[in-house]
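Last residue of the sequence shown: number 383 in this note's numbering, and the count goes up by one each step with no gaps.
Here a beta-carbon is modelled for each residue, glycine too, at the ideal position from N, C-alpha and C.
Computed from a predicted structure; not experimentally measured.
What follows is a single structure, written as structure tokens, with notes after it.
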Amino acid sequence: MADHRDEPLVLGIETSCDETGVGIVHGTTLLADAVASSVDEHARFGGVVPEVASRAHLEAMVATIERALTDAGVKARDLDGIAVTAGPGLAGALLVGVTAAKAYAYALGKPLYGVNHLASHICVDQLEHGRLPEPTMALLVSGGHSSLLLSSDITSDVRPLGATIDDAAGEAFDKIARVLQLGFPGGPVIDRLAREGDPEAIAFPRGLTGPRDAAYDFSFSGLKTAVARWIEAKRAAGEEIPVRDVAASFQEAVVDVLTRKAVRACKEEGVDHLMIGGGVAANSRLRALAEERCERAGIRLRVPRPGLCTDNGAMVAALGAEMVARNRAASDWQLSADSSLPVTETHVPGDAHLHPHPHSHAHSHDHVHETAKDNLYS
């Protein structure tokens, strides 16, 4: 087997929500990023249904892993480790990924790494822009999270500076899209319509931006309510809704708050760069305003391409590769999903005696295990 000590070859599995993602990286080089989305199955419900997501992951898992290995042109036996999102996320969906990762790791005799979903969103930027600076300031914005994080070591030290206290940014996008009857998910369609609207047409509120408010926390519930009431008032008066102006004004309120707080955090913490990740980082206006404000403040902006911002297996593999490269402790077979895993726990290490070295013969007596290893991707 090739020596990957300096550049680990790692497969990552992501199932925290409605996308089954499997990525393979060699160090900081992306070899494969296979995704099977169940978003269409959730669209008729107007949001993600946990049971539907879990079933979709179960059905897509093996085929998505096979596709990633084929795309990468590698054999499973050559992997140096298998990483999986252990949390946070939907409990049932996470369990499917964790169980699959444990099965493959056990059958192949490879170390297992249960990693943090949010830390993975930061680490994925290494696949596009090279090694993360230390410390790294990260703004993560998605359907479930709006967070400002400061990391001095992505494998062991991520400190939360602020987070959403109610609705996350992506959640607000989905809810306003529902009020406007634009379908699910709401982010892409609002982004598209907003390009044709006036962002200053309606003065929607900017939550938690007062002098006495928490400097780095986020709140989009009040904004969501204000937009919904504005729309309801227009409908009650029999007036036509200027959908494009509403989309643009709402979107501007969200990205204004996000970028304002992120740049402030960089200045006050003495960090000269900003990384933005998570599904909402694919929003074109967020990228443009962040670029404008960072340039003005002398801050370097790092944003992965849109495909790496949404949930994917590549980000999990990227963090797993860092765990291997920095000799972090592997997880043991007791690993389980933690739907509320705090971002301060970048991974879930285990006891060494419960996780034998992948090339040891600790299980040689187990005929089932040996047969599985011989038959699986021989």
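Kindly indicate which residue of the options has the alpha-carbon position closest to the one of residue i.
i	options	result
Val146	Leu35, Leu324, Gly284	Gly284
Gly318	Ala124, Glu12, Arg82	Ala124
Gly119	His150, Pro216, Ile87	Ile87
Lys80	His31, Val89, Ile127	His31
Asp11	Gly148, Leu117, Thr33	Thr33
Arg292	Cys271, Gly275, Ala267, Asp316	Ala267
Arg252	Gly303, Asp179, Ala323, Glu300	The sequence shown places Ala at residue 252, rather than the Arg named in the question. For the residues Gly303, Asp179, Ala323, Glu300, the minimum Cα distance to Ala252 belongs to Asp179.
Ser224	Gly275, Glu201, Thr169, Ala105	Thr169
Asp23	Thr75, Ile70, Ala91, Ala98	Ala98
Gly275	Ala41, Met142, Ile29	Met142
Pro165	Asp172, His150, Asp171	His150
Leu36	Arg249, Val262, Gln339, Ala323	Ala323
Ser152	Thr264, Arg211, Ala231	Thr264
Asp158	Leu137, Leu144, Gly148, Ala174	Leu137
Phe209	Ser226, Arg307, Glu139	Ser226
Arg60	Tyr111, Cys128, Ser42	Ser42
Gly51	Ala112, Leu187, Lys107	Leu187
On the DSSP bridge assignment, give the partners of residue i in chain order.
i	result
Leu279	Leu306
Ser42	Glu24
Tyr118	Ala88
Ser151	Val146
Ala37	Ile29
Ser336	Leu117
Leu95	DSSP, once it has assigned bridges, lists no residue as partnering Leu95.
Report the three-state DSSP secondary structure of residue i (helix, strand or coil).
i	result
Thr75	helix
Pro165	strand
Ala88	strand
Tyr382	Reliability fails at Tyr382, whose pLDDT of 42 lies under 50, so the model's placement of it is uncertain and the value that follows must be treated cautiously. Correct three-state label for Tyr382: coil.
Asp222	coil
Ile246	coil
Val53	coil
Ile70	helix
Ser59	helix
Thr141	strand
Asp179	helix
Ser125	helix
Asp158	strand
Leu187	coil
Ile170	coil
Leu16	strand
Val353	strand
Ala206	coil
Pro311	helix
Glu392	Residue 392 is absent from the structure shown; the chain starts at 6 and stops at 383.
Leu291	helix
Arg136	coil
Under a Cβ-count criterion, where at least 16 other Cβ atoms within 10 Å of its own Cβ denotes burial, should residue i be classed as buried or exposed?
i	result
Asp196	buried
Ser345	exposed
Gly312	exposed
Gly135	exposed
Glu176	buried
Glu205	exposed
Glu257	buried
Thr75	exposed
Glu245	exposed
Val67	exposed
Pro93	buried
Lys272	exposed
Ala241	exposed
Arg217	exposed
Gly78	exposed
Gly215	exposed
Arg333	buried
Gly114	buried
Asp277	exposed
Arg310	exposed
Pro347	exposed
Under 6 Å from any heavy atom of the ligand GTP, does the C-beta of residue i make it?
i	result
Gly119	Absence of the ligand GTP from the depicted structure is noted, as is the absence of any ligand whatsoever, leaving it without description.
Counting only the same chain and skipping the five closest in sequence on each side, list residues whose C-beta sits under 8 Å from that of residue i.
i	result
Asp162	Ser156, Thr351
Glu19	Thr25, Gly26, Val27, Gly28, Val89, Thr90, Gly102, His122, Ser125, Asp316, Asn317, Gly318, Met320, Val321
Considering only residues of the same chain and omitting the five flanking positions on each side of residue i, which have a CB-CB separation below 6 Å?
i	result
Pro13	Asp85, Ala326, Val329, Ala330
Leu100	Ala342
Arg72	Ala39
Arg290	Gln256, Val260
Val184	Ala233, Ile236
Asp250	Gly202, Asp203, Ala206
Excluding five sequence neighbours on each side, which residues of the same chain lie with their C-beta closer than 7 Å to the C-beta of residue i?
i	result
Leu95	Ser21, Cys22, Pro55, Ala58, Ser344
Ala219	Gly167, Leu213
Lys229	Asp172, Ala177, Lys180, Ile181
Any C-beta of chain B sitting closer than 7 Å to the C-beta of residue i?
i	result
Trp338	This model lacks chain B altogether, as it is built from one protein chain only.
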